[in-house]
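First up is the structure itself, then whatever we jot down about it.
There are 2 protein chains.
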Amino acid sequence: MVLTTKGRATRDRIIEGAAEHLRSAEPGDMTLDDVRAITATSKGQLFHYFPGGKEELLLAVAQHEADRVLTDQQPHLATLTSWGAWERWRDAVVARYRAQGALCPLGSLMTQVGTTPGAAEIVSALLAQWGGHIASGVRQMRQAGLVRSGISPEQAAAAFIAGIQGGVQVLRSTGRIDHLEAVLDALIDHLRS
Amino acid sequence: MVLTTKGRATRDRIIEGAAEHLRSAEPGDMTLDDVRAITATSKGQLFHYFPGGKEELLLAVAQHEADRVLTDQQPHLATLTSWGAWERWRDAVVARYRAQGALCPLGSLMTQVGTTPGAAEIVSALLAQWGGHIASGVRQMRQAGLVRSGISPEQAAAAFIAGIQGGVQVLRSTGRIDHLEAVLDALIDHLRS
DNA sequence: CCAATTCTGGACTAGCAAGTCCAAAATACT
DNA sequence: AGTATTTTGGACTTGCTAGTCCAGAATTGG
């Protein structure tokens, strides 16, 4: 598909608008008519830019949101080279999700797009990158002699990923953020031991 | 509503059948017609036993599944009084979710029932009970002098809950179980430190 | 045994949402 | 300018699904 400048602008507007709606108070199930209303577009445009229909649109939005997840943790995530840096990262993660509250754009998205291959792909890629950053941080700490060599960077990273995911999920379903804090503190403390 | 023996049997059959369908290969969105087909019932029966319609039915099934989550971890969960017991519990949790694989009845349920108050209630109650058991285990280990007193039973329990939730979620979306194992190992190891 | 209640089956309704289609407007290309 | 291409609007179709309704069968209780 060849897009003119105007075309690309419209396509972007659709994705941004849909993403914004997911961040709003009551996303529920997002219908194409919702997207139409928010982005001031027509059905024709929606299918013109996303021939695969709703699923293709949702996946595009999901990718967009997945990118945000990592950029929101920068620059902390890329420079986990001291205990202070780990604490700042921890605080950034907690602050981000505290602000977001029970709303989780990516979360609502994934429940709507279900278990399609495309969705799994996006999540896998996100987790892999995220874990890679953490593992890299652990590795640097180990080389600096700040973390004992018994700790596997990959396993530590996997544990952090699981902990954060779970903490956020608990936040989503119960509104409580202490689980997220507790698991981050415990895991960082474990690195320090 | 007054139920005869036959009535109660039918009601139970509906819940069991729906639960089984959620454990099957492709739950997707469960429609009332799905439930009808599986349980050999009619629309009339569905609304007779669940006047609140689909939501009431889903919540009943969710409660049924939530109960299973805890009973599946017994007797380990109630007797976390030695390191061996903690390991056995860890293995039981991993085994259970490994067997379950990417299917998570309660998980699919919650995504379908969405963010209604009833759903939040069920999850909160489950997490509270679950966390209570773990906290109690930590407390006993502390009293036996096996865990240092710097560890808060409540925070440790919250960390475990978050870790397990996240591990299961990663398993659901990527099929990998190593995150669950890593976070459990890290948290138990942290208790031991 | 009879009346009241509960249980069951299934046709029917209403509404919503994804996706199709086409013609007209805008824009690009040469 | 004139033709080709892209963009846009919106009516229309199609299919699905929750929920309604009611009549008849089965069961209960006195």
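First to last, the protein sequences are chains P and C.
Our numbering puts the first residue of the first sequence at 1, with every later residue one more than the last.
Our numbering puts the first residue of the second sequence at 1001, with every later residue one more than the last.
Each residue gets a CB set at the ideal place from its N, CA and C atoms; glycine is no exception.
Supposed contact pair residue j and residue i - C-beta distance, whole angstroms, cut 8 Å
{"i": "C/L1187", "j": "C/G1163", "result": "6 Å"}
{"i": "P/R96", "j": "P/D72", "result": "5 Å"}
{"i": "C/T1041", "j": "C/I1015", "result": "Incorrect: roughly 11 Å between the Cβ atoms, too far for contact."}
Exposure label - residue i; buried when at least 16 CB within 10 Å
{"i": "C/M1030", "result": "buried"}
{"i": "P/R90", "result": "buried"}
{"i": "P/E181", "result": "buried"}
{"i": "C/M1001", "result": "exposed"}
{"i": "P/A60", "result": "buried"}
Own chain residues within Cβ distance below 7 Å of residue i, not counting five before or after
{"i": "P/H133", "result": "L77, A78"}
{"i": "C/R1172", "result": "A1102, C1104, G1107"}
{"i": "P/Q63", "result": "I122"}
{"i": "P/Q45", "result": "T10"}
{"i": "P/D34", "result": "H21"}
{"i": "C/A1157", "result": "G1131, I1134, A1135, V1138"}
{"i": "P/Q112", "result": "D29, M30, L58"}
{"i": "C/R1098", "result": "I1177"}
Residue i, DSSP secondary structure in three states
{"i": "P/V2", "result": "coil"}
{"i": "P/A102", "result": "coil"}
{"i": "P/Q140", "result": "helix"}
{"i": "P/S173", "result": "helix"}
{"i": "C/E1020", "result": "helix"}
{"i": "P/E26", "result": "coil"}
{"i": "P/I122", "result": "helix"}
{"i": "P/I161", "result": "helix"}
{"i": "P/R148", "result": "coil"}
{"i": "C/A1037", "result": "helix"}
{"i": "C/P1153", "result": "helix"}
{"i": "C/T1071", "result": "helix"}
{"i": "C/P1051", "result": "coil"}
{"i": "C/T1115", "result": "coil"}
{"i": "P/L80", "result": "coil"}
Inter-residue spacing [alpha-carbon to alpha-carbon] between residue i and residue j
{"i": "P/A18", "j": "C/A1128", "result": "35 Å"}
{"i": "C/P1153", "j": "C/A1144", "result": "14 Å"}
{"i": "C/L1126", "j": "C/M1110", "result": "13 Å"}
{"i": "P/H179", "j": "C/E1065", "result": "23 Å"}
{"i": "C/H1190", "j": "C/G1084", "result": "15 Å"}
{"i": "P/T115", "j": "C/Q1100", "result": "16 Å"}
{"i": "C/K1054", "j": "C/A1135", "result": "36 Å"}
{"i": "C/A1159", "j": "C/G1150", "result": "15 Å"}
{"i": "C/A1119", "j": "C/S1193", "result": "37 Å"}
{"i": "P/T174", "j": "C/P1117", "result": "10 Å"}
{"i": "P/S140", "j": "P/P75", "result": "With the sequence shown as reference, residue 140 of chain P is identified as Gln, and Ser is not the correct amino acid for it. Cα to Cα, P/Q140 sits roughly 16 Å from P/P75."}
{"i": "C/L1003", "j": "C/F1047", "result": "14 Å"}
{"i": "P/L32", "j": "P/E26", "result": "15 Å"}
{"i": "C/Q1155", "j": "P/T5", "result": "53 Å"}
{"i": "C/R1176", "j": "C/S1124", "result": "26 Å"}
{"i": "P/L80", "j": "P/R148", "result": "16 Å"}
{"i": "P/E56", "j": "P/R36", "result": "15 Å"}
{"i": "C/S1082", "j": "P/R23", "result": "45 Å"}
{"i": "P/R142", "j": "C/L1146", "result": "28 Å"}
Residues of its chain near residue i, where Cβ-Cβ distance is below 8 Å and the 5 sequence neighbours each way are ignored
{"i": "P/G7", "result": "Y49"}
{"i": "P/I38", "result": "G17, A18, E20, H21"}
{"i": "C/V1093", "result": "Q1073, I1164, L1180, L1184"}
{"i": "P/Q169", "result": "G107"}
{"i": "P/D12", "result": "none"}
{"i": "C/E1087", "result": "I1188"}
{"i": "P/V69", "result": "L106, L126, W130"}
{"i": "P/I161", "result": "L127, W130, G131, I134"}
{"i": "C/K1043", "result": "L1032, R1036"}
Chain-order list of residues whose beta-carbon lies under 6 Å from that of residue i (same chain, five-residue window excluded)
{"i": "P/G52", "result": "none"}
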